[in-house]
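Following our numbering, the numbering of the sequence shown begins with 1 at its first residue and continues without gaps.
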Amino acid sequence: MLNYIKFATYQFIGFSLALPKLIKFKKSPEKFSSIEKFSFLNNQAKKSLDFINIKLTILGKDKIPEEPVLFVMNHASMLDSFILMASVDRPVGCLIADEPVWKNMPIIKDWANIIKCIYINRSNNREGIKSILEASKNILSGHSMAVFPEGDLTWIKDPNAIVSDFRNGALKIAYKANCPIVPLVIKNSRDIYEGFEPIGKIHSHPVEVEFLDPIYDHINNSKLKSAHLSNDIKNKMIDKIKDFRNK
């Protein structure tokens, strides 16, 4: 548990010291750029992973288009959100499960709001569609978004899967925003966090992140079914993870 205690302590100190900055952002959001608002979380995530000796190797960052995109990621660890924030050097909001443990977390919920994260109700289709439309509007306004389309941790959904099946609706964000999809493959994160709750054991292992080629298929062919595109992206992720394991 030592790593977890170190990690949790670092979060408490980092977010406490940033309270004056948070208050300024909340009081006068129009005075600060999205980059200024995001930079704290980006730095906090990088330093947090360094502090517990989780070394990130990032590949393919040059493939990310300059325009706003939808990042699509696999989800094997409770630390994947930190890996996302440490890997993407642009403001990005994330779709988050509309669960009390995340939605009501002090201070964190304020930062989530500042970077335009959106809570999605996975059990109510009507509310889910509203969240998808809101996320697409963020992209249309110039703010990239990210989603874990598996909808849950891989090994919770399917203990035998390398990447579990996607919830097809998640990709509808890119259809509505008419923006590129950038798959982001997180490799070797399953064993860095032991558990499924905000409290767990953290293990120091290297993690490789790879950005794949941006996808425009849904833009070039608006009739392309999201289920087909989801399966294609999932298989590309699986191939990359297999290649990593076979090194």
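Note that the Cβ used here is the ideal one computed from N, Cα and C, for glycine as well. Please read all numbers here as calculations on a predicted model, not as lab measurements.
On the criterion of 16 or more Cβ atoms from any shown chain inside 10 Å, does Met145 qualify as buried, or is it exposed? Answer is buried; the Cβ neighbour count reaches 16.
For Lys259, is the classification buried or exposed, using 16 other Cβ atoms within 10 angstroms of its Cβ as the cut-off for buried? Residue numbering for the chain in the displayed model covers 1 to 247; residue 259 lies beyond these limits and cannot be assessed.
Host alpha helix (DSSP H) of Pro20 (start-end): Leu19 to Lys27
Can you name the residues that DSSP bridges to Lys194? The identity of residue 194 in the sequence shown is Glu, whereas the question assumes Lys. Answer by DSSP bridge pairing, in chain order: Lys201.
Just curious, the beta strand (DSSP E) that Pro149 is in, first and last residue? In the DSSP assignment, Pro149 falls outside any beta strand (DSSP E) and carries neither an H nor an E.
Determine the closest residue to Asp50 out of Asn125, Asn104 and Ile83, with distance taken between C-alpha atoms. Ile83
When we look at the beta-carbon of Met258 and count the other beta-carbons within 10 Å, is it buried (16 or more) or exposed? Only positions 1 to 247 of the chain appear in this structure, which leaves residue 258 out of reach.
How far does the beta strand (DSSP E) with Glu208 in it reach, from first residue to last? Its beta strand (DSSP E) spans residues Val207 to Phe211.
For Val92, which residues from the same chain have a beta carbon less than 6 Å from its beta carbon, with the 5 sequence-adjacent residues on both sides left out? Only Ser144 and Ala146 meet the Cβ criterion.
Tell me whether Val182, by its Cβ, gets closer than 7 Å to a heavy atom of the ligand FMN. You won't find the ligand FMN in this model; it holds no ligand whatsoever.
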